[in-house]
Amino acid sequence: EVATLGAGHAADVQRLSADHGEALAQQQQQHDSAAEQLKLSHAAELQELSAENVRRLTTLEEVSQGSNEQLQQVIERVQAEHLAREQAMVEGHARELEESERRFDEDQAAKVAALRT
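Below you can see the structure in the form of structure tokens.
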């Protein structure tokens, strides 16, 4: 009877040991699977962040390019306005000079006519 109990006990220990080994293997597999999923999830997040950074850089470049183009347009407009003011000033001075020359000629003609009389 002791031998039977001993053999039964040995079988129980062997079965429990096998069950424990299976449980450990299953836990290790679950752990490995979870770790792989976490790794894939992190890789996807990093890829998404990288893509977002590329989009932001592209947007910044576009904004910068747009700002440069707008700045260039403002510079060109200011230069054109400045040139137009200078042109108007030159034309105004030319008219004043012509008017002054006309009055001078009229004054000279009037003086000559007064001297002749």
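Residue numbers for the sequence shown, in our numbering: 4 to 120. Don't be surprised by glycine CBs; every beta carbon is placed ideally from N, CA and C.
Item, Value
"Only counting the same chain, and skipping five residues up and downstream in sequence, which positions put a Cβ closer than 7 angstroms to that of residue 26?", "none"
"From residue 60 to residue 46, what distance separates their C-alpha atoms?", "21 angstroms"
"Residues in the same chain with beta-carbon distance under 8 angstroms from residue 69, minus the five sequence neighbours each way, listed in chain order, please.", "none"
"What does the alpha-carbon distance come out to for the pair residue 111 and residue 94?", "25 angstroms"
"Runs of 4 residues minimum, wholly inside the stretch 11-84: which ones carry the alpha helix (DSSP H) assignment?", "none"
"Give me the Cα-Cα distance between residue 48 and residue 16, rounded to the nearest whole angstrom.", "47 angstroms"
"Quick one: Cα of residue 32 to Cα of residue 39, how far?", "10 angstroms"
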